[in-house]
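Participant: Residue numbers (the numbering used here): 11 to 480. For each residue, glycine too, the CB sits at the ideal point set by N, CA and C. Have a look at this one before I ask anything.
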């Protein structure tokens, strides 16, 4: 009883502190995504389950401040009405599925509802976090600095045996699986609880890094950006993750091709500025990371499944399983990987057994919320993707336009990847979707600032109206 009271008191304190400044709390969540695994694995392993939800408690505090204790900018919510309507519809359907009898207990459904919807409000909060393009740039620049210690730790893990204290998972004593190449190397996780989280983090950082390559920076920050790109390249191979490596190739290729098709001058500028980082990254991988590359490539050659099978199976899996429950599903959270632990700790009754194997997210969504919810959920994702494309095409500010493009390609590349039950990807996806409203606003601010300069010289300042920062 005393332990429960202490835990509830700690949760209440975290929520209370987080509610003091919602903008700072959202940024703290982005940092917690990176260091959470380190806290669970090495600092407080006995509190691993509570730390898993730490960022959620911080975010709940931010929501309390934003929605209940601050003047909410309703204009933001009605600016993209289709997105709001789709979110509302899928939330209602998800609420119904959270109480699906097949779950055995609505507690499982509540955990599922959290996984689907807790981070969705970031779409409307992110546009109010940054008042200028310069502030957004400095935040991205500072956030990417976390790559340095995280990747250095990953390199240390790679050259350590699987029995090393560096190579542990958050929920057990087993180290990361040794790459099936016979080279004796581990698949690194960095500060993350599992490999999936680290792979997700590297791809998200690459998404943020690409637009920085062509943005004017001091020589120091150019070198830092170069080093970060090299670390991403080297440690990507150390994960042994084919999805990460090929996803990175698709992200870079798609970014370059679309930039060339829509703005060849920007593409040419990017190519000139990217020559040195590309050469250095190649040398880093080919020399310093040779063992990592060989280990990764051996795994690719020895894999039991082909890339085409991994790509095509997610699209067919949900349609093959819809017959199991008709228009219904097994309930929100039915395929959550921690259900066994939740049922054991809370002594919940078992749910209905799902008679088919599931791994891909598209298939899991179909099983949980049925065809009705499936088409609403991925309809929402497609609308968000299409809206991002429209934002990219309308922007003219070079850095903001390239950032929109990078986020667009990232969302496209990861469309079929794990998101709902990959909490790292979940945070990044909804944070990036917030750029739909943020980037056009920052361009208007930039245009207003440029217009102010001649007006100030004549003593006639103007004002920017209808902004989320008034």
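#1: Taking all protein chains shown into account, decide if residue 95 is buried (16 or more other Cβ within 10 angstroms of its Cβ) or exposed.
#2: In whole angstroms, what separates the C-alpha of residue 436 from that of residue 124?
#3: Report back the beta-carbon spacing between residue 209 and residue 253 to the nearest angstrom; my notes put them in contact at under 8 Å.
#4: What number of angstroms, rounded off, separates the C-alpha of residue 432 from the C-alpha of residue 370?
#5: May I ask you to verify whether the stretch 103-113 touches the stretch 61-72, counting CB pairs closer than 8 Å and requiring at least 3?
#6: Just how far apart, CA to CA, sit residue 171 and residue 394?
#7: Where does residue 328 land, buried or exposed, given buried means 16+ other C-beta within 10 angstroms?
#8: Could you check where the alpha helix (DSSP H) with residue 131 kicks off and where it finishes?
#9: Considering only residues of the stretch 237-276, which uninterrupted beta strand (DSSP E) runs meet the minimum length of 3 residues and lie entirely inside it, listed in chain order?
#10: Mind listing, in chain order, the continuous alpha helix (DSSP H) runs of no fewer than 4 residues lying wholly within the stretch 43-103?
#11: Let me know if residue 39 comes out buried or exposed under the rule of 16 or more other beta-carbons within 10 Å of its beta-carbon.
#12: So, for residue 355: in the same chain, excluding its five sequence neighbours on each side, which residues have a beta-carbon less than 7 Å away from its beta-carbon?
#13: Exposed or buried, what is residue 457 when buried is set at 16 or more other beta-carbons lying within 10 Å of its beta-carbon?
#14: Looking at residue 350 and residue 133, is the spacing between their C-beta atoms short of 8 Å?
#15: Residue 338 to residue 113, Cα distance in whole Å?
#16: Kindly indicate which residue of 273, 227 and 454 has the alpha-carbon position closest to the one of residue 151.
#17: For the alpha helix (DSSP H) containing residue 433, list its first residue and its last residue.
#18: Between the Cα of residue 352 and those of 51, 236, 17 and 60, spot the shortest distance and give me the residue it belongs to.
#19: Short of 8 Å in beta carbon distance, which residues of its chain neighbour residue 414, apart from the five on each side in sequence? Order them along the chain.
#20: What is the DSSP secondary structure of residue 333, counted as helix, strand or coil?
#21: Smallest Cα separation from residue 382: which of 245, 216, 162 and 336?
#22: Going by alpha carbons, who is nearest to residue 137 out of 97, 455 and 250?
#23: Please report the straight-line C-alpha distance between residue 447 and residue 12, rounded to a whole angstrom.
#24: Thinking C-beta only, is residue 71 closer than 8 Å to residue 24?
#25: Can you check the stretch 338-382 for any beta strand (DSSP E) of at least 3 residues that lies completely inside it and give the ranges in chain order?
#26: Would you mind reading off the limits of the alpha helix (DSSP H) that contains residue 16?
#27: Can residue 168 and residue 196 be called in contact, C-beta distance under 8 Å?
#28: Indicate, with yes or no, if the ligand PLP has a heavy atom lying under 7 Å from the CB of residue 74.
#29: Are residue 434 and residue 73 touching if we call contact CB-CB under 8 Å?
#30: Expressed to the nearest angstrom, what Euclidean distance is found between the alpha-carbon atoms of residue 214 and residue 368?
#31: Could you say if the stretch 242-261 and the stretch 418-433 meet the contact criterion of at least three C-beta pairs nearer than 8 Å?
#32: Alpha carbon to alpha carbon, how far is residue 365 from residue 32? Give it in angstroms, no decimals.
#33: Evaluate residue 49 with the Cβ neighbour count: other Cβ atoms within 10 Å of its Cβ, from every protein chain shown; 16 or more gives buried, anything less gives exposed.
#34: From residue 119 to residue 140, what distance separates their C-alpha atoms?
#35: Using a Cβ-Cβ cut-off of 7 Å (strictly less than) and excluding sequence neighbours within five positions of residue 389, which residues of its own chain qualify?
#36: Count the other CB atoms, across all protein chains shown, that sit within 10 Å of the CB of residue 103; report buried if there are 16 or more and exposed otherwise.
Facilitator: Taking the definition as stated:
#1: Indexing the chain shown from 1 puts residue 95 at position 85. Under this definition residue 95 is an exposed residue.
#2: Mapped onto the chain shown, residue 436 falls at position 426. Mapped onto the chain shown, residue 124 falls at position 114. Here the C-alpha atom of residue 436 lies approximately 11 Å from the C-alpha atom of residue 124.
#3: Counting from one through the chain shown, the residue named residue 209 turns up at place 199. Counting from one through the chain shown, the residue named residue 253 turns up at place 243. The Cβ separation is near 7 Å, so the contact holds.
#4: Here residue 432 is taken as the residue at index 422 of the chain shown, counted from 1. Here residue 370 is taken as the residue at index 360 of the chain shown, counted from 1. As the crow flies, the alpha-carbon of residue 432 is around 12 Å from that of residue 370.
#5: No: the two stretches stay apart, fewer than three of their Cβ pairs being nearer than 8 Å.
#6: As a first step, residue 171 is located in the chain shown; it is residue number 161 there, counting from the start. As a first step, residue 394 is located in the chain shown; it is residue number 384 there, counting from the start. C-alpha separation (whole angstroms): 43 Å.
#7: In the chain shown, the residue the question calls residue 328 occupies position 318. That one is buried.
#8: One-based indexing of the chain shown puts residue 131 at position 121. Segment: none, residue 131 is in no alpha helix (DSSP H) and carries neither H nor E.
#9: Listed in chain order, there is nothing to give.
#10: Fully enclosed alpha helix (DSSP H) runs of 4 or longer: 58-62, 64-73 and 84-89.
#11: Looking up residue 39 in the chain shown gives position 29. The residue is buried, with at least 16 neighbouring Cβ atoms inside 10 Å.
#12: As a first step, residue 355 must be located in the chain shown, where it is residue number 345. Correct list: empty, nothing qualifies.
#13: If you number the chain shown from 1, residue 457 lands on position 447. Flag for residue 457 reads exposed.
#14: Position 123 of the chain shown, counting from 1, holds the residue named residue 133. Position 340 of the chain shown, counting from 1, holds the residue named residue 350. It is not a contact, given that the beta carbons lie outside the stated cut-off.
#15: Here residue 338 is taken as the residue at index 328 of the chain shown, counted from 1. Here residue 113 is taken as the residue at index 103 of the chain shown, counted from 1. For the pair residue 338 and residue 113, the Cα-to-Cα distance works out to about 12 Å.
#16: Walking along the chain shown from the start, residue 151 turns up at place 141. Residue 151 has its Cα closest to that of 227, out of 273, 227 and 454.
#17: For the purposes of this step, residue 433 is taken as residue 423 along the chain shown, with counting starting at 1. Segment 433-443, the alpha helix (DSSP H) holding residue 433.
#18: Position 342 of the chain shown, counted from the start, is the residue given in the question as residue 352. Taking only the C-alpha atoms, the option nearest residue 352 is 60.
#19: Within the chain shown, residue 414 is the residue found at index 404, counting from 1. When the five nearest sequence neighbours on each side are left out, the beta carbons in the same chain lying within less than 8 Å of the beta carbon of residue 414 are those of 398, 401, 402, 405, 445 and 449, in order along the chain.
#20: Locating residue 333 in the chain shown gives position 323, where the first residue counts as 1. Residue 333 sits in a helix when the DSSP states are folded into three classes.
#21: Here residue 382 refers to the residue found at position 372 when the chain shown is read from its first residue. Of the listed residues, the one whose Cα sits closest to residue 382 is 336.
#22: Looking up residue 137 in the chain shown gives position 127. Comparing Cα-Cα distances from residue 137 to each of 97, 455 and 250, the minimum goes to 455.
#23: Position 437 of the chain shown, counted from the start, is the residue given in the question as residue 447. Position 2 of the chain shown, counted from the start, is the residue given in the question as residue 12. Approximately 46 Å, taken between the alpha carbons.
#24: Taking the first residue of the chain shown as 1, we reach residue 24 at position 14. Taking the first residue of the chain shown as 1, we reach residue 71 at position 61. Yes. Within cutoff.
#25: Fully enclosed beta strand (DSSP E) runs of 3 or longer: not present.
#26: The residue given as residue 16 occupies position 6 in the chain shown. Unbroken alpha helix (DSSP H) run through residue 16: 12-28.
#27: Counting from 1 along the chain shown, the entry for residue 168 is found at position 158. Counting from 1 along the chain shown, the entry for residue 196 is found at position 186. It is a contact, given that the beta carbons lie within the stated cut-off.
#28: With respect to the ligand PLP, the structure shown offers nothing to examine, as it has no ligands at all.
#29: Residue mapping note: residue 434 aligns to position 424 of the chain shown, counting from 1. Residue mapping note: residue 73 aligns to position 63 of the chain shown, counting from 1. Result no, Cβ atoms of residue 434 and residue 73 do not sit closer than 8 Å.
#30: Within the chain shown, residue 214 is the residue found at index 204, counting from 1. Within the chain shown, residue 368 is the residue found at index 358, counting from 1. Spanning the two alpha carbons is a distance of roughly 25 Å.
#31: Segments in contact, yes.
#32: As a working note, residue 32 is residue 22 in the chain shown. As a working note, residue 365 is residue 355 in the chain shown. Separation of residue 32 and residue 365 (C-alpha to C-alpha, rounded to the nearest whole angstrom) is 43 Å.
#33: The sequence position of residue 49 within the chain shown is 39, counting from 1. Around the CB of residue 49, 16 or more other CB atoms lie within 10 Å, so the residue is classed as buried.
#34: For the purposes of this step, residue 119 is taken as the residue at position 109 of the chain shown. For the purposes of this step, residue 140 is taken as the residue at position 130 of the chain shown. Residue 119 and residue 140: Cα-Cα distance of roughly 35 Å.
#35: Here residue 389 is taken as the residue at index 379 of the chain shown, counted from 1. Exclusion of the five residues before and after residue 389 leaves 96 as the residues of its chain whose Cβ lies within less than 7 Å of its Cβ.
#36: The residue you call residue 103 lines up with position 93 of the chain shown. By the beta-carbon neighbour count (other beta carbons within 10 angstroms, threshold 16), residue 103 is buried.
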